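As structure tokens, the structure follows; a few thoughts come after it.
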Amino acid sequence: MKTMLAAALLISAASLPAWAASISVTDAWARATMPGQKVSGAYMQIRSDADVRLVSVSSPAVPRVEMHEMKMDGDVMRMRELKAIDLPKGKTVLLEPGGFHLMLMNLKKPIVAGDVIPLTLVVESGGKQQAVEVKAEARAMGGGMQHHHH
Ligand SMILES: [Cu+2]
Numbered sequence: 245m246k247t248m249l250a251a252a253l254l255i256s257a258a259s260l261p262a263w264a265a266s267i268s269v270t271d272a273w274a275r276a277t278m279p280g281q282k283v284s285g286a287y288m289q290i291r292s293d294a295d296v297r298l299v300s301v302s303s304p305a306v307p308r309v310e311m312h313e314m315k316m317d318g319d320v321m322r323m324r325e326l327k328a329i330d331l332p333k334g335k336t337v338l339l340e341p342g343g344f345h346l347m348l349m350n351l352k353k354p355i356v357a358g359d360v361i362p363l364t365l366v367v368e369s370g371g372k373q374q375a376v377e378v379k380a381e382a383r384a385m386g387g388g389m390q391h392h393h394h
């Protein structure tokens, strides 16, 4: 009996995550939507103390979250979906309008300024995954730029 218990303890110790990067997310926000608008964007700054990749994002408040990148292609701004975003060790990666961003898709109801959108970021390194919980506060965007969102 004693031997079995020791073996069980050994197994549970081995199944603890051997790897955990320290990831800090700052200035997380989401863009408030206009009535009827089904998509929006979420933005933040992410810094990791190890080389990891952001491999998926989900939210209980949003049916589908995609990782996107906007880039100039000649004179045209194009957006594409990414499988992952690299988070190099010690570098602050910006998710911002016009660059990397999270796309909030198939919205069932408008996002109102002041809403808090919970997001779960999954980062991966060497086949191991870790979840990072983030809360993005919705902000209304003033000015003319809001009509150029995608
Ligand atoms: Cu997008």
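Residue numbers (my numbering): 245 to 394. Don't be surprised by glycine CBs; every beta carbon is placed ideally from N, CA and C. Note that this is a predicted model, so its numbers are computed, not measured.
Would you tell me roughly how many angstroms separate the C-alpha atoms of GLN374 and ALA264, rounded to the nearest one? On the sequence shown, residue 374 is found 130 positions in, with the first residue counted as 1. On the sequence shown, residue 264 is found 20 positions in, with the first residue counted as 1. Using only the alpha carbons, I get a separation of about 7 Å.
Measure the alpha-carbon distance for MET323 versus GLU313 and round it to whole angstroms. The residue labelled residue 323 in the question sits at position 79 within the sequence shown. The residue labelled residue 313 in the question sits at position 69 within the sequence shown. MET323 and GLU313: Cα-Cα distance of roughly 5 Å.
Which partner residues of ASP208 appear in the DSSP bridge assignment? A question about residue 208 goes unanswered here, because the residues of the chain that appear run from 245 up to 394.
Output the distance between the C-alpha atoms of ALA258 and SER369, rounded to the nearest integer angstrom. Along the sequence shown, one-based indexing puts residue 258 at 14. Along the sequence shown, one-based indexing puts residue 369 at 125. Any answer about ALA258 is weak, because its pLDDT of 48 lies below 50 and its placement is not dependable; what the coordinates show is given next. Taking the straight line joining both Cα atoms gives about 18 Å.
Measure the C-alpha to C-alpha separation of LYS315 and MET347 and round it to an integer number of angstroms. For this step, residue 315 is matched to residue 71 along the sequence shown. For this step, residue 347 is matched to residue 103 along the sequence shown. Just so you know, the alpha carbons of LYS315 and MET347 end up roughly 15 Å apart.
Examine ligand 1 and report whether any of its heavy atoms sits within less than 7 Å of the Cβ of MET323. Working through the sequence shown from its first residue, we reach residue 323 at position 79. Yes - ligand 1 has a heavy atom lying nearer than 7 Å to the Cβ of MET323.
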